[in-house]
Structures are given as C-alpha cells and as structure tokens.
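The next block holds one structure in the form of structure tokens; read it before the comments.
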Amino acid sequence: MKVTFWLLDVNYEVVNHQPEIWIWGIDDEDRRVLILDRGFLGYFYLIPREGVSPQEVVEQILSRRRDFPLISKVEVVDRRFFGRPVKAIKVTCRDPNLIQRYAQKLRKLKGVRACLEEDIRYSMRYLIDNDVVPCSWHEVEAEEIANRWGVQVDRVYLAKSPPRKIERIQPPTLRVLGFSTIRYSERGAPKPERNPVVVISVATNTGLEKQFVASNSDDRAVIRSFIEFVREFDPDVIVGYGTNQHEWPYLTQRAKRLGIRLSVDRANTEPHTSVYGHVSITGRANVDLFDYAEDLTEVKVKTLENVAEFLGVAGKERIHIEEIDLPNYWKDPEKRPRLLEFSMQNTRYIMGIAKAMLDFAIQLSSLVGLPLDHVGTAAVGFRVEWFLIREAHRIGELVPARTPRPYIPYTGAIVLKPEPGIHENIAVLDFKSLYPNIMIAHNISPDTYLPPDEPTPPCGVDVAPEVGHRFRKEPPGLYKAVLSRLIAVRDEIRPRLKELDPESAEYRILDARQKAIKVITNATYGYAGWLGARWYVKSVAEATTAWGRHAIMNAIKLAEEEGLDVIYGDTDSIFIRYDPEKVERLSRRIREVLGLEIKPDKIYTRVLFTEAKKRYCGLLPDGRLDVVGLEVIRGDWAAVAKNVQERVLEIILKEGSPEKAVEFVRRFISDLRGRKVPYRDLIIWKTLTKPISKYAVRAPHVAAARTLMEKGWELSIGDKVGYVIVAGPGKLYERAKPYMLASYDEVDVEYYVQRQVVPAAVRILSIFNIDEKEVLPPAVADLSRFVKS
DNA sequence: GCGCCCCTCATACCC
DNA sequence: ACGGGTATGAGGGGCGCG
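Take the first sequence: its letters are residues 515 to 1303, numbered as in this note's numbering.
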C-alpha cells in the first residue's frame, strides 16, 4: 500500500549487523506513523593515488576480504573531486557502524590517496542518497507490520522501496508542547544531585495548561506527572527555551538520581545528546527556541522575557523575578503563588515564541535537509554545508574531508570615509545580494577554481581583479548551481506573497520559506571563507571580495559621472543625494556596465555622520530614526548613555537644535547625579567570550563574573554578565559588581556621567564643536574628583 | 610617583 | 562552531620629568 507522510524525525538501529532506518512521520490522515526501511546500505569512497589504477586498489581489498566480512560491495565509480573527474572506489558496508573502522584501515592501503565521506552518518546518508527531506511530504510503498517494539504511533510500516518526495508545502497539524522548569537551591546554581525540580509548567498548542508542583522538596511526583503528561498528549514537537543546555540535562540527571525513567519519547528510550549538542527525543522534534533567538540581533540580552517582549508575545501583565530571588519565592508560602504564575508565564512565552518561530524552523529544516531538531543547533556553516552536500551528491561531486588549516587572512570589503556632518535627502543604494550574484556571474566555486599552474581550459576563464584568481566559465560550479536556484526560488515566492493574506497559513509558510532561503544565500560567502569548511578554498572567498571592491569602486565612478557625489559607502552600498532621475540613470548604467542590480534601499530625509566609519544616524521620511553602529544600539553601554544619545540624535535631526540637545544632556546629568534615573539603566552587560581562567587581562565584566561564580553561580562561554560600577578606590575591575548584588547607594554615579553619558552625547555633539565641558552642568563641572578615584 | 603615549586585549558592531 | 573591516575603552608598560 502507498503511505503519504510528512517527515518529523529519523534515526537508525542496527540489529545483527542489519541496519534499519526509522522514519517518524505524520500521514495525510493525521496518524502518527513509523516507517522502517531495511533496504539501504552505507558506504565510503577511496581515491587512488596518481598513477595507481583503481582496479589495483579493488583487488587489494578483495584479497583481504576476510578482514572485512561486512563489506558487501566494492566498485569503481566515476565522480568529480573539486571539479576534476576521478575514478573512485565505492566500498559498501552492511553494518553502518563499521564504516569508520573499515575506512580507517583501508585508507592505509598502498595506492590509496584519500578516504572520503566515511564521516557522514548513516541516517544523513540515507536521506541524501534517496532525496528524502525532513519537514517535507513523501510517498512510500510499504506494508503495515505489527508494532512489536511498542512504539507510540498509530501505524508501523515496512518500506518496500525508498520514499519519494512530493511537492506539497503545507505541513500537517502538529501537536506542540512547551515547558519550563523552576529548580530550587538555597544558594547558587541548582545541582541535580541534590536540588529538586520544584515546578514544571507545560502548555500545548491545543490550549492545555498544567503545572506540576513539588510538595516541599520532593520532586518525584513532579517529574512523573510531567512524563505522564507528555505521553498522554503525545507531542510531535517539544519546545522550550535553553532546554538543550539546561532543562534536559538537568531533568535527565535528576530523574536518574531519583530512579525514574525519563521516557518522554515515542520509542521507550531516554533523551540523549546528539550531534551539535542538541538533545534528541526519538520520534519527536525537540526544538530549543534559544537557538533561533540568536538571529534576533536587536535583542541584546537574550533572556526568555526579552525575546518574548521583542516578538510581541509577552502580554500586558508581566511578572519579573530575578534568578537570585527564586529561592525566596519558593520558600515563602505567601510569595509562592507568584512564583507559580511566573513559571506559567514563562511557558506561555515559550508557546508565543514557538508560534512566531516554528514556521521558519520547519522551512529551514526542509531547505537545508537537516532534521528539525538538528537544524536549529547546527551553526550557520554546517547548515550551508549540508545544503551543499545534497547538491554535490546530485552532480556527482565528492564531499571533501574536514581538515585543519592555518589561518591566512585575505582582504575584504571597502568602507569609505564618511563626510562628517548632516546631509539632507540622501539615498542609500544597495547592490542586491552582491556576493551571491558575483559568485554566480563569475562562476566562483571550489570546483571551478583553476590553480596558477594549470593551463587555460577551452571554455575560458574569468580572472578576478587585483588578486588574479582564475575560474573556469564552464560547467556551472557548485556555488553557482546552488545560489542561482535559491535566488530563483526566492524571486518566485516574493510576488506570490503579495497576492496572499498575511494572516493565511500559506502566507506564513511561504514567508518563512523565503526567509530561510535568504539566510542560506547570504551565508554562502561566509561559508566559502570559513577555515572549517569542507570546501574551503581561500581564493574563492578572496576573489569574491575582490570583485566586490571592483563593483563598489565602479559604482562610485559611475555615480560621479552622473554628477552624484558619494558621501559614504560600505561593502555593497553607496550614499548619494536623492535625485530620482539621476539615481534611475545610475542604476541602469551600473546594470549595463557591471551586470549587477543596484537600487535605493532607503531614503534619509537627513543623515548624520561623525568622522567614524560604520556609525551614523538617519532620519527616515516617517519620522523614525535609523541608528547604525552608535552606542544607542550597542549592548555593552549602560541604558543611561544609550537613551541620552538617542535623544540627542532626535533633537538634532528633527529639531536641528544642538543647543537644545546640550540643555537636555545637562538636565539629564543633574538627574543622574541626583540618582533619579532607574537603577536598571545603570547596568552594563558584557558577554563572556572565553572561560574565566583564559582571560589575559583584568576586566570589569570578568571580575563581576568571578564574584558570581564564587557565590555558586554557574557561568559559561556566551553568557552575559550584568554589572554596575560602585564607588571607591581602585581600577574599574575592582569596582565592578554584579547588578543583583549591589545597591543604588553604592553606585559611582560619576562614572556613569563621565564615562557613559558624556562620551555618548559628545560623540554626536562634537560635530558642532561642542565638547564635554559644555554638556556638564556648570556648578559641578569638575573632572578631578573622578580622575583621582 | 604621576601624566602621557602607545600598544594589546576585549567586545560588539557593519555589511 | 560563517567572512573581513572598524570603533572604542580599559589595562598596563615605558618614558620623561627635578
């Protein structure tokens, strides 16, 4: 019989050296299904050395057949490697778990130059070779079999042949469960060996909400009820925030400690950590929304609350409890209800974020071809790479091995020096997808690159300016193939979106799709220059930026020929006076001369530049400010500085009055000195970019982090530390205190005046020759006190 | 010992 | 654990200076 299903998760089992792919899906009648496929074997390739015939290698293997009893086939196949035709020996292996071991031995054979693709996991191998795609619909010829594993599905099938992908974009109705926990410890970070999970709050996309609360510190019932709830609801997707790092490891260890089986999956196993550090829950997709919060660059401190607020899913009444206060709320019977509300609110936030992000996650998964639970955790480079691997398989290009390489820098983009001051009526012209289009136009790719010692092929070459790297014009390289398809699909989606109701399911899905395409398109150049890339070829990245510099320099020249002065530019943009006719002519000329699209991205009524590159502020026609690079949008300045600078920019760009701005700054400084601004506006947040012990210098945020750790808090790479500067003698790092441990009285407000507010304000005001003396209120304009301390 | 200059380290931004 | 280009501030060493 034929089964139509949407692929949710995939794993594999090996029984008696017999591999079995387990495909978890949802069929077109909304049943949960498991499809077993026993018809696929894994393999790897050996590449013979120059001058060695592949047959020789084959015979060596066959002669040692006894050492490799599970090799089922050895054949010579035609492939390409970095674009060059090669004869490869494909070694097929019955047991996928032995592929690595066999490959390690066989790569040492005389006459073998390299071993390839032995590191591609069997389940990914299956998906790629059969063009089976996560979060996509397929048809499969299969027979129903008994559910002798007791897995939690409606039907189990045995596939008779591999599934075939079908074109249907609308996903099935998924059951989504969100959860969050509160762990209790008297002081410092809770430890699963001794501290209980006192609250688990769950919610579902069908509207259920439930809370499991410990009686005192006994959390057995909490965990058991949670497991029961999960099994009862039987979600397809489990969402949380930071669950890969915190909830799941904690719950796993805690359950182990209590002797409880944490069986929340569909196959009676327990959550386990898998590739890219994600936690896998067999038969379901475990999605950690924290992974998707990374893309929200506007949110500087990525707490659940901040992200929910940014996405507009936070609701009006908000409960905020600092982590350090959680124990007090749990201990105090009066306060405990508030804690329970807070926990439920967290889970509601998670559900809200899921609603905003899950469509995108699903489309990214189906585009890149990584299962839904992997794709969020995979770094951008790996997402691009898996996408490329699928394309490479289609065109017979072998996947290079991952190798360590030395870092050799290369030249990037051009940034122009801005003309300081205020400019009126400025258009920002942007090249459309500059690097992707350059890669397409010149067929820049690892498999089209021609090293200097090689002769020019009959098809001819494109030669990059400045650097001289050469690329074959034919056939289309891997990057060109991939990028032109991505851009074509996106161009196809965008007009369709205009026809649709933004509230409709189809709109949401197509919009998510085009966003996923954009992400991968834009990441391809970065991938090309990434040392860790399998297809890393420095010349490819270097040629791309060289042609990019060529493009912007020519655009400037052409603009000037039109009588348009370029006042600023960065990589793929030029800032010019907005003269619609001239701009139109310029776009046309650039298209003709360079073969690249450029168009006005935005028009500024006014734009302000200082001497610095990459920092400016524009006033948009609708009255909004567009702040770029300045303190206003930096996460490592106190809110006092950011707010003042934003207001200064506003006064200057909208009212044109530096005097009024100065007056405002003076008033603000008086308020600050009078401690009339909120305490939270004094917090400075900085990221820990390495383990505490690795820091070469003493720095305020590192000192604050140390203090926290001494008090039993756990901090790791990537965490943000919030601190304030307190009054007293010594360096800043001696006066940085975690904000939750300090009080307003201790704060050195003069630091905030002199080192936060004044520099941020003067950065803007200095273009009117206004210095720090003028923004300090006259009576207390005294630097010496600060300097001495 | 202090102020100043210059360098390195660290962070976060732009595109 | 995607690229290079850039701004900025804190810390710290070296040096002049009665």
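Idealized CB from N, CA, C, for every residue including glycine.
Check your understanding: Which one or two residues does DSSP pair with Pro-533 in a beta bridge?
Key -> The residue given as residue 533 occupies position 19 in the first sequence. For Pro-533, which the question treats as bridged, DSSP gives the partners Val-528.
Practice item. List the whole-angstrom C-beta distance separating His-652 from Lys-674, where the pair is believed to meet the contact cut-off of C-beta under 8 Å. Key: Along the first sequence, read from residue 1 onward, the residue named residue 652 stands at position 138. Along the first sequence, read from residue 1 onward, the residue named residue 674 stands at position 160. Not a contact, Cβ separation roughly 14 Å.
Practice item. Assign Ala-1295 to buried or exposed, taking buried as 16 or more other Cβ atoms, counted over all protein chains shown, within 10 Å of its Cβ. Key: Translated into the one-based positions of the first sequence, residue 1295 becomes position 781. Confidence in Ala-1295 is poor, its pLDDT being 44 and thus under 50, which makes the residue's placement unreliable; the coordinate value appears in the next sentence. The residue is exposed, with fewer than 16 neighbouring Cβ atoms inside 10 Å.
Practice item. Determine the contact status of Ala-1060 and Val-1003, defining contact as a CB-CB distance below 8 Å. Key: Stepping through the first sequence from its first residue, residue 1060 is reached at position 546. Stepping through the first sequence from its first residue, residue 1003 is reached at position 489. Result no, Cβ atoms of Ala-1060 and Val-1003 do not sit closer than 8 Å.
Review point. If you run the structure through DSSP and keep just helix, strand and coil, what is Gln-725?
Key: Reading the first sequence from its first residue, position 211 is the one you call residue 725. Look at Gln-725 here: in three-state DSSP terms it is strand.
Point to revise | Span of the beta strand (DSSP E) around Pro-562 | key: Taking the first residue of the first sequence as 1, we reach residue 562 at position 48. For Pro-562, the uninterrupted beta strand (DSSP E) segment begins and ends at 556-562.
Review point. With a cut-off of 8 Å, do at least 3 Cβ pairs link the stretch 976-991 to the stretch 1133-1152?
Key: Contact fails: fewer than three Cβ-Cβ distances are below 8 Å.
Check your understanding: Given a threshold of 16 other Cβ atoms within 10 Å of its Cβ, counted over all protein chains shown, does Glu-1056 qualify as buried or as exposed?
Key -> To locate residue 1056, count along the first sequence from 1; it is residue 542. Buried is the call here.
Check your understanding: For Leu-803, does the count of other Cβ atoms within 10 angstroms reach 16, so buried, or fall short, so exposed?
Key -> Position 289 of the first sequence, counted from the first residue, corresponds to residue 803. By the C-beta density criterion, Leu-803 is buried, having at least 16 other C-beta atoms within 10 angstroms.
Exercise for review: Report all residues from its chain with a CB closer than 8 Å to the CB of Lys-946; omit the five preceding and five following residues, and keep chain order.
Suggested key: Counting from one through the first sequence, the residue named residue 946 turns up at place 432. Apart from sequence neighbours up to five positions away, the residues of its chain that approach Lys-946 with a beta-carbon distance below 8 Å are Leu-1110, Glu-1111, Ile-1112 and Lys-1113, ordered along the chain.
Point to revise | Member of Arg-1102, Glu-1106, Glu-1095 and Met-1067 whose CA lies at the smallest distance from the CA of Ser-1087 | key: Taking the first residue of the first sequence as 1, we reach residue 1087 at position 573. It is Met-1067.
Point to revise | Extent of the continuous beta strand (DSSP E) to which Pro-1114 belongs | key: For the purposes of this step, residue 1114 is identified with residue 600 of the first sequence, where counting begins at 1. From DSSP, the beta strand (DSSP E) with Pro-1114 extends over 1112-1123.
Point to revise | 8 Å contact criterion, which Phe-554 and Ile-535 should meet: CB distance rounded | key: If you number the first sequence from 1, residue 554 lands on position 40. If you number the first sequence from 1, residue 535 lands on position 21. About 6 Å separates the Cβ atoms of Phe-554 and Ile-535, confirming a contact at the 8 Å cut-off.
Point to revise | Rounded distance between the beta-carbons of Gly-754 and Gly-692, thought under 8 Å | key: Counting from one through the first sequence, the residue named residue 692 turns up at place 178. Counting from one through the first sequence, the residue named residue 754 turns up at place 240. Taking a contact as a CB-CB distance under 8 Å, the pair Gly-692 and Gly-754 counts as one, their CB atoms being some 6 Å apart.
Exercise for review: Indicate whether Ser-879 and Cys-649 have their beta-carbon atoms separated by less than 8 Å.
Suggested key: The sequence position of residue 879 within the first sequence is 365, counting from 1. The sequence position of residue 649 within the first sequence is 135, counting from 1. Yes, the pair counts as a contact, with Cβ atoms nearer than the cut-off.
Point to revise | Pick from Thr-1119, Asp-1005 and Gly-1040 that is closest to Val-942, judged by C-alpha positions | key: What you label residue 942 is simply residue 428 of the first sequence in a count that begins at 1. Per the Cα distances, Thr-1119.
Exercise for review: May I ask which residues mark the beginning and end of the alpha helix (DSSP H) holding Val-1176?
Suggested key: As a position in the first sequence, residue 1176 is number 662, starting the count at 1. It spans 1172-1187 - the alpha helix (DSSP H) in which Val-1176 sits, taken as one unbroken run.
Review point. Which residues in the same chain as Met-1223 place their Cβ atom closer than 8 Å to its Cβ, once the five residues preceding and following it in sequence are excluded?
Key: As a first step, residue 1223 must be located in the first sequence, where it is residue number 709. Spatial neighbours of Met-1223 in its own chain (CB-CB distance under 8 Å, excluding positions within 5 residues in sequence) are listed in chain order as Ile-1206 and Leu-1229.
**Study point:** Helix, strand or coil at Tyr-924 according to DSSP, with G and I counted as helix
**Key:** On the first sequence, residue 924 is found 410 positions in, with the first residue counted as 1. Looking at Tyr-924 - three-state DSSP - the assignment turns out to be coil, as it is neither helix nor strand.
**Study point:** DSSP three-state assignment for Glu-543, whether helix, strand or coil
**Key:** Position 29 of the first sequence, counted from the first residue, corresponds to residue 543. Coil at Glu-543, not helix or strand.
Review point. Out of Glu-836, His-888, Tyr-764 and Ala-728, which has the shortest C-alpha to C-alpha gap to Asp-805?
Key: Looking up residue 805 in the first sequence gives position 291. Asp-805 has its Cα closest to that of His-888, out of Glu-836, His-888, Tyr-764 and Ala-728.
Review point. Roughly how far, in whole angstroms, is the beta-carbon of Ile-936 from the beta-carbon of Lys-1052, given that I think they are within contact range, below 8 Å?
Key: As a first step, residue 936 must be located in the first sequence, where it is residue number 422. As a first step, residue 1052 must be located in the first sequence, where it is residue number 538. Beta-carbon to beta-carbon, Ile-936 and Lys-1052 are separated by about 42 Å, too far to satisfy the 8 Å threshold.
Check your understanding: In terms of alpha-carbon separation, which member of Ala-1065, Trp-663, Lys-931 and Leu-912 lies closest to Glu-527?
Key -> As a first step, residue 527 is located in the first sequence; it is residue number 13 there, counting from the start. The residue with the shortest Cα to Cα distance from Glu-527 is Trp-663.
Review point. Under three-state DSSP, which class holds Leu-1297?
Key: The residue given as residue 1297 occupies position 783 in the first sequence. Confidence at Leu-1297 is low in this model, with a pLDDT of 45, below 50, so its placement is unreliable and no value can be given for it.
Review point. Taking only runs of the alpha helix (DSSP H) that begin and end inside the stretch 791-862, which ones reach a length of at least 4 residues, in chain order?
Key: Assignment of alpha helix (DSSP H) within the stretch 791-862, counting only whole runs of 4 or more residues, yields 804-807, 818-824 and 840-845 in chain order.
Exercise for review: Can you tell me the Cβ-Cβ gap for Asn-644 and Pro-685, rounded? I've got them flagged as a contact below 8 Å.
Suggested key: Here residue 644 is taken as the residue at index 130 of the first sequence, counted from 1. Here residue 685 is taken as the residue at index 171 of the first sequence, counted from 1. Not confirmed; about 20 Å, so no contact.
Check your understanding: Val-529: buried (16+ other C-beta within 10 angstroms of its C-beta) or exposed?
Key -> Here residue 529 corresponds to residue number 15 of the first sequence, with the count starting at 1. Exposed, because fewer than 16 other Cβ atoms sit within 10 Å of the Cβ of Val-529.
Check your understanding: Which of the three DSSP states, helix, strand or coil, is assigned to Val-566?
Key -> As a first step, residue 566 is located in the first sequence; it is residue number 52 there, counting from the start. When DSSP states are grouped into helix, strand and coil, Val-566 belongs to the coil group.
Review point. Within the chosen definition, does the stretch 566-585 reach the stretch 690-710 through at least 3 CB pairs nearer than 8 Å?
Key: The stretch 566-585 vs the stretch 690-710: no contact.
**Study point:** N- and C-terminal bounds of the alpha helix (DSSP H) containing Tyr-1021
**Key:** Here residue 1021 corresponds to residue number 507 of the first sequence, with the count starting at 1. Element bounds for Tyr-1021: 1019-1042.
Review point. Between Pro-851, Asn-782 and Val-801, which lies nearest to Gly-791 when the distance is taken from Cα to Cα?
Key: The count along the first sequence starts at 1 and reaches residue 791 at position 277. Relative to the Cα of Gly-791, the nearest Cα in the group Pro-851, Asn-782 and Val-801 belongs to Val-801.
Check your understanding: Which partner residues does Phe-519 have in the DSSP bridge list?
Key -> Counting from 1 along the first sequence, the entry for residue 519 is found at position 5. Answer is Asp-541 and His-652.
Check your understanding: In this structure, does DSSP put Lys-946 in helix, strand or coil?
Key -> Translated into positions along the first sequence, residue 946 becomes position 432. The three-state reading of DSSP puts Lys-946 in coil, since its state is none of H, G, I, E or B.
Review point. Helix, strand or coil: how does DSSP classify Lys-1302 here?
Key: Within the first sequence, residue 1302 is the residue found at index 788, counting from 1. Residue placement at Lys-1302 is flagged as unreliable, the pLDDT there being 37, under the threshold of 50; the coordinate-derived value follows with that caveat. In this structure, Lys-1302 counts as helix in the three-state DSSP scheme.
Exercise for review: Return the CA-CA distance between Arg-1161 and Gly-1132, expressed in angstroms with no decimal places.
Suggested key: Residue mapping note: residue 1161 aligns to position 647 of the first sequence, counting from 1. Residue mapping note: residue 1132 aligns to position 618 of the first sequence, counting from 1. Going by the C-alpha atoms only, they are around 13 Å apart.
Review point. Less than 8 Å separating the beta-carbons of His-1215 and Lys-1204?
Key: Locating residue 1215 in the first sequence gives position 701, where the first residue counts as 1. Locating residue 1204 in the first sequence gives position 690, where the first residue counts as 1. His-1215 places its beta carbon 8 Å or farther from that of Lys-1204.
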